[in-house]
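In this note's numbering, the protein residues as written are 12 to 354.
Here is the structure we will look at, set down as structure tokens.
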Ligand code: KG4
Ligand code: ZN
């Protein structure tokens, strides 16, 4: 195929992002720029993402992100072949801000518009970073999503299972909150767990006795709350060591569930040659090591893209858009923003 240069926009959660990705004929893809403006500080006083605040911040910042991404790539709108945008799933106000911006660019320049599913963006990232061929297995594990996918083509995904309640990142964040640690909780719980004994508390491994790849994390949070309250009732508070042990036991339970279900996913997708991960939870060293071991045991390659491309970003949207566009995919001005959009 020809050389393609695509601008991508992402605004479905609490990161506003724009990026430019280029693929020369027959060559590997190149990320020419990737700009992410987070909103953590805006939402911090509320203890979680506030959709109205997120939507307004996206609308204010998305144009600036586009300008920055083009400037960093040394390109103008005239150098692009298409504009790709996350059209869902996500917080609808934010998704709308991105879709409106992309439509504005398309209307002003005549560039083709390509709507991208945010989850497809995550799922196609290992092709951007590591050139993986189809089919491969993907675990998305973040604050908002948790699912195993068999990735068989640019628009061909089989969902093998996922969480039936909380996402694991959400469980890490709630655990941190219950133990008085700051947000986002994942890195804090991981740090505290390093000094802890995972065997001190026997937390459940939900759904492990059931076939399939479905998972559940909300019961784990309840177990942690009970263990904490029992300690408080017993001695009036929890020590740093108690906290470390609670974090270690919680993390070990999440690790065992993700690793156990990964083994099931591998068994359910015999053609796959690699297990790839994405999402903030994939940054956890204990979880990552367990997944790597499961892949190695099955003779599969293990791929963990750099963290900045595992968490929300627009390079993955530009890339997924480029892949879709190369196959003839594009949308009209009737492209809609979708709060829910299963793969
Ligand atoms: O992918 P991400 O940046 O954003 C979305 O949720 O889309 O993931 C953020 C989530 C948060 O819940 C955060 O606590 C969790 O990933 N996380 C971690 C770690 N780093 C981030 N969870 C466990 N261990 C970590 N080291
Ligand atoms: Zn995401």
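C-beta atoms are modelled at their ideal positions from N, C-alpha and C, and glycine is treated no differently.
Just so we're clear, the structure is a prediction, and the values are computed from it rather than from any experiment.
Around the beta carbon of residue 57, a 10 Å sphere encloses fewer than 16 other beta carbons of the protein chains shown; the residue is thus reported as exposed. For residue 124, the closest alpha carbon among the candidates 17, 51 and 171 is that of 17. Assignment of alpha helix (DSSP H) within the stretch 217-258, counting only whole runs of 4 or more residues, yields 229-246 in chain order. Taking non-hydrogen atoms of ligand 1 into account, the C-beta of residue 324 is found less than 7 Å away from none of them.
Residue 42 sits close to residue 326, with the two beta carbons spaced by under 8 Å. In the DSSP annotation of this structure, residue 50 is not part of any beta strand (DSSP E), being labelled neither H nor E.
By the 16-neighbour rule on beta-carbons within 10 angstroms, residue 252 is exposed. For residue 26, the enclosing beta strand (DSSP E) has its first and last residue at 26-34. Counting the other Cβ atoms within 10 Å of the Cβ of residue 136 gives 16 or more, which makes it buried. Close CB contacts of residue 338 within its chain, under the 7 Å cut and outside five residues either way in sequence, are with 165 (chain order). When DSSP states are grouped into helix, strand and coil, residue 95 belongs to the strand group. For residue 186, the three-state secondary structure derived from DSSP is helix. For residue 212, there is no enclosing beta strand (DSSP E), as DSSP marks it with neither H nor E. Per DSSP, residue 106 is one residue of the alpha helix (DSSP H) stretching across 103-120. Between the alpha carbons of residue 236 and residue 244 lies a distance of about 12 Å. Scanning the stretch 115-187 from its first residue to its last, the whole beta strand (DSSP E) runs of 3-plus residues come out as 124-128, 147-152, 157-164 and 167-173. For residue 285, the enclosing beta strand (DSSP E) has its first and last residue at 285-289. With a threshold of 7 Å, the Cβ atom of residue 115 does not count as near ligand 2, since no heavy atom of the ligand is closer than that.
Taking a contact to require three or more Cβ pairs closer than 8 Å, the stretch 202-220 and the stretch 263-272 qualify as touching.
Here residue 43 carries a strand assignment [DSSP, helix/strand/coil]. Taken from the Cβ of residue 57, every heavy atom of ligand 1 lies 7 Å or farther away. The beta carbon of residue 22 lies closer than 7 Å to those of 69, 73, 97, 105, 106, 108 and 109 in the same chain, with the five residues before and after it left out. Taken through DSSP and simplified to helix, strand or coil, residue 67 comes out as helix. Between the alpha carbons of residue 100 and residue 27 lies a gap of roughly 15 Å.
A straight line joining the alpha-carbon of residue 207 with that of residue 214 spans about 14 Å. Excluding the 5 residues flanking it on each side, residue 182 has same chain C-beta neighbours closer than 7 Å at 228, 231, 232 and 265, in chain order.
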